[in-house]
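Using the numbering used here, read the sequence shown as starting at 406 and increasing by one per residue.
All remarks here apply to the structure that follows.
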Amino acid sequence: MNTELRTRRLLEELRDVRDAAASLPDALVLLDARGGVRWCNRSAERLLALAWPRDRGVILAARYAGHKLGGWLDGGGAEPVEDITAPADATLHLQVTMMPYGHGQRLLLARDISRLARLEQVRRDFVANVSHELRTPLTVIHGYLELLDPEDVPTLAPVLGEMRNQSQRMRQIVEDLLALSRLEMERRLPEDRVTMQPLLLSLRREAEALSHGRHRIALQDEAHCDLLGSAKDLHSAFGNLVSNAVRYTPDGGAIVIRWRRTHDGAEYSVTDTGYGIPAEHLSRLTERFYRVSSSRSRGSGGTGLGLSIVKHVLNLHDAELRIESESGAGSTFTCVFDRSRLLEPESD
Ligand code: ADP
Numbered sequence: 406m407n408t409e410l411r412t413r414r415l416l417e418e419l420r421d422v423r424d425a426a427a428s429l430p431d432a433l434v435l436l437d438a439r440g441g442v443r444w445c446n447r448s449a450e451r452l453l454a455l456a457w458p459r460d461r462g463v464i465l466a467a468r469y470a471g472h473k474l475g476g477w478l479d480g481g482g483a484e485p486v487e488d489i490t491a492p493a494d495a496t497l498h499l500q501v502t503m504m505p506y507g508h509g510q511r512l513l514l515a516r517d518i519s520r521l522a523r524l525e526q527v528r529r530d531f532v533a534n535v536s537h538e539l540r541t542p543l544t545v546i547h548g549y550l551e552l553l554d555p556e557d558v559p560t561l562a563p564v565l566g567e568m569r570n571q572s573q574r575m576r577q578i579v580e581d582l583l584a585l586s587r588l589e590m591e592r593r594l595p596e597d598r599v600t601m602q603p604l605l606l607s608l609r610r611e612a613e614a615l616s617h618g619r620h621r622i623a624l625q626d627e628a629h630c631d632l633l634g635s636a637k638d639l640h641s642a643f644g645n646l647v648s649n650a651v652r653y654t655p656d657g658g659a660i661v662i663r664w665r666r667t668h669d670g671a672e673y674s675v676t677d678t679g680y681g682i683p684a685e686h687l688s689r690l691t692e693r694f695y696r697v698s699s700s701r702s703r704g705s706g707g708t709g710l711g712l713s714i715v716k717h718v719l720n721l722h723d724a725e726l727r728i729e730s731e732s733g734a735g736s737t738f739t740c741v742f743d744r745s746r747l748l749e750p751e752s753d
């Protein structure tokens, strides 16, 4: 094959690849090492307000300054953005990913996930509405059940007891679902000083009340610092971990609540010597209604929503949940907070 023919073939193939990329429904932008646009496809116009060849060489981070995308690009864009509004059209939701290639070049991919975001919104609204609608009838039924005295009808006493338990369980599920819905809709939580010392003392009291002396409970407050966030939500998340430790540790076991500093922040952890969790379940524990053992969870008053609430609360505090566990030996649940969330105690 002569050189001219080979060049022509190569150019044709190159054009083919470009044409195919140009017609993709996802926006594709090739960036040079400075973050300037080397090429973009047609969807980049609709989704990212970029036009080829008009925007050749435009520095993308500067173009999107003031938009969330600009901040993300400035930060290097290592982690994908799961849901962001499109710079050209605020009604569109995008998922944006950046992949390095060649010598310092990068490929930016933006996908229109508006339909998915709408479905997700419908699901959230549905759960919130159903939970809200169930709340009043359940409160009424529970109220009447509380009024009935088992001594008036001794033959029905066991049935009445079970009905009370179950209605209390349903109320707890509805309350937990409502709490989750609220956390899902919340973009930001209050940023108050959460004084850790009294909070830790009250968590220990709650553990003792739940345990009724069946476990040894210790508190190690070593960090001597406070947190920035929502006191109510952090109390609920930390309390969930304490309650799980008590509920999933057989009598005679030990529970340690610990608050300590790390080299780049601080950690709140709850360690127990309980049943533990087999490794294959660990990655799914924070899913709604996921339980290792349904009977054990129900028997101990669980709703299967506790860890899901913990995860949401931590996300809203830029914190992370770590779970270490060994079946039959016990578990440690750790909430990892970044330094930016710590406050030195106020001097008296
Ligand atoms: P539940 O209301 O069922 O306790 P959670 O979301 O709090 O729901 O926890 C999910 C599951 O994780 C529980 O059902 C249980 O199987 C497991 N789990 C949570 N904490 C512990 C623990 N400290 N020890 C053993 N298993 C645990």
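No residue lacks a Cβ here, since even glycine has one placed at the ideal position from N, Cα and C.
Does the beta carbon of D656 fall short of 6 Å from some heavy atom of the ligand ADP?
To locate residue 656, count along the sequence shown from 1; it is residue 251. D656: no, Cβ never under 6 Å from the ligand ADP.
Using the three-state DSSP reduction, which class does V715 fall into: helix, strand or coil?
Here residue 715 corresponds to residue number 310 of the sequence shown, with the count starting at 1. V715 falls in the helix class under three-state DSSP.
If we ignore side chains and look at the alpha-carbon of each, how far apart do D494 and V463 end up?
Locating residue 494 in the sequence shown gives position 89, counting from the first residue. Locating residue 463 in the sequence shown gives position 58, counting from the first residue. Their backbone Cα atoms lie some 20 Å apart in a straight line.
V463 - partner residues in DSSP beta bridges
On the sequence shown, residue 463 is found 58 positions in, with the first residue counted as 1. None; V463 has no bridge partner.
Nearest residue (CA-CA) to Q526, options V501, R587, L539
One-based indexing of the sequence shown puts residue 526 at position 121. Closest by alpha carbon: R587.
Out of L465, A456, R413, T408, which one is the CA nearest neighbour of L436?
On the sequence shown, residue 436 is found 31 positions in, with the first residue counted as 1. Of L465, A456, R413, T408, the residue nearest in Cα terms is L465.
Opposite L512 in the DSSP bridges: which residues?
The sequence position of residue 512 within the sequence shown is 107, counting from 1. Paired residues: L435, M504.
Determine, using beta carbons only, whether Y695 and R703 come nearer to each other than 7 Å.
For the purposes of this step, residue 695 is identified with residue 290 of the sequence shown, where counting begins at 1. For the purposes of this step, residue 703 is identified with residue 298 of the sequence shown, where counting begins at 1. Cβ atoms of Y695 and R703: not closer than 7 Å.
Contact check, S641 vs I714 under 8 Å by CB: the rounded distance?
Numbered from its first residue, the sequence shown carries residue 641 at position 236. Numbered from its first residue, the sequence shown carries residue 714 at position 309. That pair is a contact at about 7 Å.
Report buried or exposed for L524, applying the criterion of at least 16 other Cβ atoms within 10 angstroms of its Cβ.
By one-based count along the sequence shown, residue 524 stands at place 119. By the 10 Å Cβ count, L524 comes out exposed.
Alpha carbon to alpha carbon, how far is A383 from A426?
Past the boundaries of the shown model lies residue 383; the chain is included only from 406 to 753, so the question cannot be answered.
Could you check whether the Cβ of V741 sits closer than 6 Å to any heavy atom belonging to the ligand ADP?
Translated into positions along the sequence shown, residue 741 becomes position 336. It does not: the Cβ of V741 is nowhere closer than 6 Å to a heavy atom of the ligand ADP.
What does D656 pair with, by DSSP beta-bridge criteria?
Taking the first residue of the sequence shown as 1, we reach residue 656 at position 251. In the DSSP output, where bridge partners are listed per residue, D656 has none listed.
Should N649 be counted as a contact of the ligand ADP given a C-beta to heavy atom distance under 6 Å?
For the purposes of this step, residue 649 is taken as the residue at position 244 of the sequence shown. Under cutoff, so the answer is yes.
Residue nearest to R447 in terms of C-alpha spacing, selected from G440, G441, D460, A438
To locate residue 447, count along the sequence shown from 1; it is residue 42. The residue with the shortest Cα to Cα distance from R447 is D460.
Can you give me the C-alpha to C-alpha distance between H508 and A438, rounded to a whole angstrom?
Locating residue 508 in the sequence shown gives position 103, counting from the first residue. Locating residue 438 in the sequence shown gives position 33, counting from the first residue. Taking the straight line joining both Cα atoms gives about 8 Å.
For the beta strand (DSSP E) containing F742, name the first residue and the last one.
Locating residue 742 in the sequence shown gives position 337, where the first residue counts as 1. From DSSP, the beta strand (DSSP E) with F742 extends over 735–743.
Around the C-beta of F738, are 16 or more other C-beta atoms found within 10 angstroms, so that it is buried, or is it exposed?
Translated into the one-based positions of the sequence shown, residue 738 becomes position 333. It counts as buried.
Quick one: grab the DSSP three-state call for V675.
Taking the first residue of the sequence shown as position 1, residue 675 is located at position 270. Residue state, collapsed to three classes: strand.
Could you tell me the alpha carbon to alpha carbon distance between H629 and E749, rounded to whole angstroms?
Position 224 of the sequence shown, counting from 1, holds the residue named residue 629. Position 344 of the sequence shown, counting from 1, holds the residue named residue 749. Approximately 8 Å between the Cα atoms of the pair.
Beta carbon of V661: closer than 6 Å to some heavy atom of the ligand ADP?
Reading the sequence shown from its first residue, position 256 is the one you call residue 661. No, Cβ of V661 sits at least 6 Å from all heavy atoms of the ligand ADP.
For H547, collect the residues of the same chain with a Cβ closer than 8 Å to its Cβ; drop the 5 residues on either side in sequence, then sort them by chain order.
Start at 1 with the first residue of the sequence shown, and residue 547 comes out as number 142. If we look at H547 and ignore the five residues flanking it on each side, its Cβ neighbours are R569, S572, Q573, R576.
Would you tell me roughly how many angstroms separate the C-alpha atoms of P563 and L543, rounded to the nearest one?
On the sequence shown, residue 563 is found 158 positions in, with the first residue counted as 1. On the sequence shown, residue 543 is found 138 positions in, with the first residue counted as 1. Answer to the nearest angstrom: the Cα atoms are 20 Å apart.
With DSSP collapsed to three states, give me the class of W477.
Counting from one through the sequence shown, the residue named residue 477 turns up at place 72. W477 falls in the helix class under three-state DSSP.
Give a single yes or no on whether R598 has its beta carbon closer than 6 Å to a heavy atom of the ligand ADP.
Numbered from its first residue, the sequence shown carries residue 598 at position 193. Flag unset: Cβ of R598 not near the ligand ADP.
Are there any heavy atoms of the ligand ADP lying less than 6 Å away from the beta-carbon of L608, as far as the coordinates show?
Within the sequence shown, the letter at position 203 stands for residue 608. No; taking the cut-off as 6 Å, the Cβ of L608 has no heavy atom of the ligand ADP nearer than that.
Just grab the DSSP bridge partners of I622 for me.
Taking the sequence shown and counting its residues from 1, the one referred to as residue 622 is at position 217. Answer by DSSP bridge pairing, in chain order: I660.
Decide if the segment 618–628 is in contact with the segment 728–742; the criterion is three or more beta carbon pairs, one per stretch, under 8 Å apart.
no
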